[in-house]
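Quick note, the first sequence lines up with residues 83 to 573 if you use this note's numbering.
Working notes, beginning with the structure itself.
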Amino acid sequence: MAKEITSKNENYSQWYNDIVIKAGLADYSAVRGCMVIKPYGYAIWEKIQRQLDAMFKATGHQNAYFPLFIPKSFFSKEASHVEGFAKECAIVTHYRLKNDPNGNGVIVDPEAELEEELIVRPTSETIIWNTYRNWIQSYRDLPILINQWANVVRWEMRTRLFLRTTEFLWQEGHTAHETMEEAVEETLKMVHVYADFAEKWMGMPVLIGTKSEGERFAGAIDTYCIEALMQDGKALQAGTSHFLGQNFAKAFDVKFATKDGNMDYVWATSWGVSTRLMGALVMAHSDDNGLVLPPKLAPIQVAFVPIYKNDDELAKVSQRIVELKAMLDAKGISTLFDNRDTVKPGFKFAECELKGYPIRIAIGPKDIEKGTAEVARRDTLTKEFVSQENLVEYVVNLLDNIQDNIYRKALEFREKNTFSVDSYEEFKKVLDEKGGFVMAHWDGTRETEDLIKEETKATIRLIPNDGKKEEGKCIVTGKPSAQRVVFARAY
RNA sequence: CGGGGUGUAGCGCAGUCCGGUUAGCGCACCUGGUUUGGGACCAGGGGGUCGCAGGUUCGAAUCCUGCCACCCCGACCA
Numbered sequence: 083m084a085k086e087i088t089s090k091n092e093n094y095s096q097w098y099n100d101i102v103i104k105a106g107l108a109d110y111s112a113v114r115g116c117m118v119i120k121p122y123g124y125a126i127w128e129k130i131q132r133q134l135d136a137m138f139k140a141t142g143h144q145n146a147y148f149p150l151f152i153p154k155s156f157f158s159k160e161a162s163h164v165e166g167f168a169k170e171c172a173i174v175t176h177y178r179l180k181n182d183p184n185g186n187g188v189i190v191d192p193e194a195e196l197e198e199e200l201i202v203r204p205t206s207e208t209i210i211w212n213t214y215r216n217w218i219q220s221y222r223d224l225p226i227l228i229n230q231w232a233n234v235v236r237w238e239m240r241t242r243l244f245l246r247t248t249e250f251l252w253q254e255g256h257t258a259h260e261t262m263e264e265a266v267e268e269t270l271k272m273v274h275v276y277a278d279f280a281e282k283w284m285g286m287p288v289l290i291g292t293k294s295e296g297e298r299f300a301g302a303i304d305t306y307c308i309e310a311l312m313q314d315g316k317a318l319q320a321g322t323s324h325f326l327g328q329n330f331a332k333a334f335d336v337k338f339a340t341k342d343g344n345m346d347y348v349w350a351t352s353w354g355v356s357t358r359l360m361g362a363l364v365m366a367h368s369d370d371n372g373l374v375l376p377p378k379l380a381p382i383q384v385a386f387v388p389i390y391k392n393d394d395e396l397a398k399v400s401q402r403i404v405e406l407k408a409m410l411d412a413k414g415i416s417t418l419f420d421n422r423d424t425v426k427p428g429f430k431f432a433e434c435e436l437k438g439y440p441i442r443i444a445i446g447p448k449d450i451e452k453g454t455a456e457v458a459r460r461d462t463l464t465k466e467f468v469s470q471e472n473l474v475e476y477v478v479n480l481l482d483n484i485q486d487n488i489y490r491k492a493l494e495f496r497e498k499n500t501f502s503v504d505s506y507e508e509f510k511k512v513l514d515e516k517g518g519f520v521m522a523h524w525d526g527t528r529e530t531e532d533l534i535k536e537e538t539k540a541t542i543r544l545i546p547n548d549g550k551k552e553e554g555k556c557i558v559t560g561k562p563s564a565q566r567v568v569f570a571r572a573y
């Protein structure tokens with residue numbers, strides 16, 4: 083098979099592409115900027131979806147589905163929103179093809195032009211708020227807590243598998259509230275749901291904070307986010323939650339009768355994570371041998387590899403594996419018995435590592451004799467002989483252990499790559515030599531933010547929500563600052 | 001949208017500069033056998049409109065013109 087992976091140190095982006103392609107997560111497609119998510123990759127996405135969906139339901143949300151197409155006029159209703167997305171919208175102008183009279187296949191039928199063009203949604207605030215107007219008359223109709231799983235299209239200049247593609251899958255929550263306090267609370271609640279998910283399920287530590295003006299969602303009053311650090315020292319925004327104030331309610335005229343008989347505009351939030359999380363997952367944990375998956379999101383948690391020299395041995399080994407597999411299955415562990423006779427064990431071992439199965443168990447004739455099994459863990463690449471009697475318990479514990487260890491490693495990496503600097507020179511030096519998160523004082527102005535971005539390519543990833551107040555001076559202007567903010571070069 | 005690169009079998013490539021049998025190689029695939037505790041070996045076999053369209057020529061993967069696609073780097077963005 084010869085699935086050589088480019089070394090991470092040699093060429094990080096090639097390493098990333100190699101893993102995505104060779105581990106079978108995704109494939110390039112015939113369409114520019116669009117990818118095919120392959121079954122193994124999609125299985126991971128399904129696990130992500132299942133857990134997040136449960137968390138949304140547990141916080142009182144329901145799923146619904148809104149149209150892919152949005153009338154162009156909706157976009158002009160919220161000024162900053164249009165400005166944010168106008169440059170990357172795909173537009174439907176016609177609804178019919180016809181045979182080319184010159185015989186060159188089909189052409190767009192010029193007769194079939196739409197009266198009003200449709201925008202392929204880059205996000206759904208406009209269509210949803212246009213709909214909510216009809217659903218909300220009184221405070222009794224509130225809150226509305228809806229989520230949708232959908233695809234969206236943003237016409238990007240440059241694409242990267244999972245991290246940035248023209249079409250991607252995501253979920254977007256859109257809620258409507260009676261008061262500002264309630265909407266703010268919802269916004270914060272959901273960013274914490276994301277943080278919880280990232281840390282407990284993906285094994286990926288994240289910072290929680292507020293976006294600066296320059297990084298804020300188009301149309302939001304405040305954007306909260308979770309931000310993770312990738313192994314190349316670049317930051318990756320992994321989820322956002324927006325407090326939209328009354329901006330969309332005003333744009334779409336969504337008013338409600340309050341308890342005291344007045345009319346008021348509805349308060350809104352929206353929040354989302356996308357298949358970009360898949361990219362984050364790859365870059366957070368994987369190594370030069372391939373993918374490393376946290377057990378909680380691994381489609382296959384334990385792979386069995388039989389070792390044998392002849393049919394007789396195979397029969398004995400298989401029988402034992404089937405029994406052990408059944409015991410693990412009964413514990414809710416997803417297992418694979420790799421009994422292909424077309425490849426050798428060594429090949430299977432390499433493949434298990436490439437695909438990131440957290441645990442691999444090899445059983446051969448000697449194990450049958452001794453009542454043991456060779457248990458290898460993907461995260462540390464170490465192996466140990468375990469007695470078959472204790473195997474189930476051992477595996478159950480080991481899966482937890484691996485989940486913890488992956489998180490701990492990532493956390494350690496982030497801590498080692500988070501720096502505090504007090505001068506602009508030091509700031510640039512750290513960025514160039516080490517990367518990572520750089521904590522520095524900032525005077526809070528858009529001008530300084532833009533200047534730093536222009537000169538160093540680093541952006542303010544977030545203003546920490548739990549940030550310790552600390553008097554200091556802006557590294558660029560020397561103006562007073564109340565707390566450090568997090569800078570980084572980002573994806 | 002700027003810069004660079006690539007397009008030849010499923011994948012990775014050679015061949016292109018300097019046109020000339022039947023377009024090669026490795027991996028993968030198929031058949032048979034031997035193998036199987038870290039990416040097996042031997043033998044045989046199948047698979048190609050050389051990205052597309054024109055042109056030059058007795059003859060084009062190779063030269064010329066145009067187009068298309070994808071990747072990488074940058075600006076923009078989740």
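Using N, Cα and C, we set each Cβ at its ideal position, and we do this for glycine too.
Since we're looking at a predicted model, the values are computed, not measured.
Legend entry - M83, buried or exposed, once every other Cβ within 10 Å from all chains shown has been counted against 16: Because the pLDDT at M83 is just 36, under 50, the model does not fix this residue reliably, and the point stays unresolved.
Legend entry - Rounded C-alpha distance that separates S111 from G554: The straight-line gap from Cα to Cα measures roughly 50 Å.
Legend entry - A380 vs G166 beta-carbon contact at 7 Å: no
Inset, instruction - Given a cut-off of 7 Å, decide if T530 and V503 are closer than it, judged by their beta-carbon atoms. - result: no
Legend entry - Helix, strand or coil at N483 [DSSP, three-state]: helix
Legend entry - C-beta contact flag for M284 and M365 at 7 Å: no
Inset, instruction - With I130 as the anchor, note down where its beta strand (DSSP E) starts and where it stops. - result: Note, I130: premise wrong, no beta strand (DSSP E); alpha helix (DSSP H) at P121 to A140.
Inset, instruction - Note down the Cα distance separating G560 from T88, rounded to an integer number of angstroms. - result: In a straight line, the C-alpha of G560 is about 44 Å away from that of T88.
Legend entry - Contacting residues, own chain, Cβ-Cβ under 8 Å from G453 (five flanking each side not counted): S469, Q470 and E471
Legend entry - alpha helix (DSSP H) segment containing D449, residue limits: P447 to K452
Legend entry - Close beta carbons around I484, own chain, < 7 Å, minus the five adjacent residues each side: P377, P440, R459 and D461
Inset, instruction - Return yes when the Cβ of H176 is within less than 7 Å of the Cβ of E195, no when it is not. - result: yes
Inset, instruction - If I'm right that W231 touches Q131 with Cβ under 8 Å, what's the distance once you round it to whole angstroms? - result: 7 Å
Inset, instruction - Could you tell me whether the Cβ atoms of A317 and M286 are closer together than 7 Å? - result: no
Inset, instruction - Check whether the Cβ of Y147 lies closer than 6 Å to any heavy atom of the ligand GTP, and answer yes or no. - result: In terms of ligand content, the structure shown is empty, and the ligand GTP therefore cannot be addressed.
Inset, instruction - Please state if the CB of I152 and the CB of R203 are separated by a distance shorter than 7 Å. - result: yes
Inset, instruction - Just tell me which of P447, D369, V425 and D346 has its CA closest to the CA of D394. - result: Out of P447, D369, V425 and D346, P447 has the C-alpha closest to the C-alpha of D394.
Inset, instruction - Starting from the C-beta of R215, find all residues in its chain whose C-beta is less than 7 Å away, skip the five residues before and the five after it, and write them out in chain order. - result: F334, D335 and V336
Inset, instruction - Could you say which of G361, T241, F431 and K551 lies nearest to E170 if we only look at CA atoms? - result: T241
Legend entry - Length at least 4, wholly inside the region 194-231: the alpha helix (DSSP H) runs in chain order: Here the runs fully enclosed are 207-217.
Inset, instruction - Would you mind stating whether I226 and A258 have Cβ atoms separated by less than 7 Å? - result: yes
Inset, instruction - Just grab the DSSP bridge partners of P546 for me. - result: The partner list for P546 (beta bridge, DSSP) reads G291.
Legend entry - Selected residue, minimal CA-CA separation from L245, among V399, A108, L410 and D514: A108
Inset, instruction - Flag this pair as touching only if the region 565-573 and the region 530-545 have three or more C-beta atom pairs under 8 Å; answer yes or no. - result: yes
Legend entry - Per-residue DSSP class, three states only, for Q253: Strand at Q253.
Inset, instruction - Name the one or two DSSP bridge partners that M345 has. - result: A339
Inset, instruction - Please go through the same chain and pick out, in chain order, the residues whose beta-carbon is closer than 6 Å to the beta-carbon of D420, but skip the five residues on each side of it. - result: Around D420: A385, V387 and K430.
Inset, instruction - May I have the straight-line CA-CA distance separating N181 from R236, to the nearest angstrom? - result: Their Cα atoms are separated by approximately 30 Å.
Legend entry - Same chain only: Cβ atoms within 7 Å of G115, ignoring 5 sequence neighbours per side: So the qualifying residues of the chain are E238, T241, T247 and T248.
Inset, instruction - Classify L179 as helix, strand or coil using the three-state DSSP reduction. - result: Here L179 sits in strand by DSSP.
Legend entry - For H324 and T305, believed in contact at Cβ under 8 Å, the rounded distance: 5 Å
Inset, instruction - Leaving aside the five residues before and after V399 along the sequence, list all residues of the same chain whose C-beta is less than 6 Å from its C-beta, in chain order. - result: Exclusion of the five residues before and after V399 leaves P388, Y390 and I445 as the residues of its chain whose Cβ lies within less than 6 Å of its Cβ.
Legend entry - Span separating the alpha-carbon of A540 from that of K271: The straight-line gap from Cα to Cα measures roughly 28 Å.
Legend entry - Inter-residue Cα distance where the pair is I403 and N371: 26 Å
Inset, instruction - With a 10 Å radius around its C-beta and 16 neighbouring C-beta atoms as the bar for buried, classify F467 as buried or exposed. - result: exposed
Legend entry - Inter-residue spacing [alpha-carbon to alpha-carbon] between S220 and K282: 39 Å
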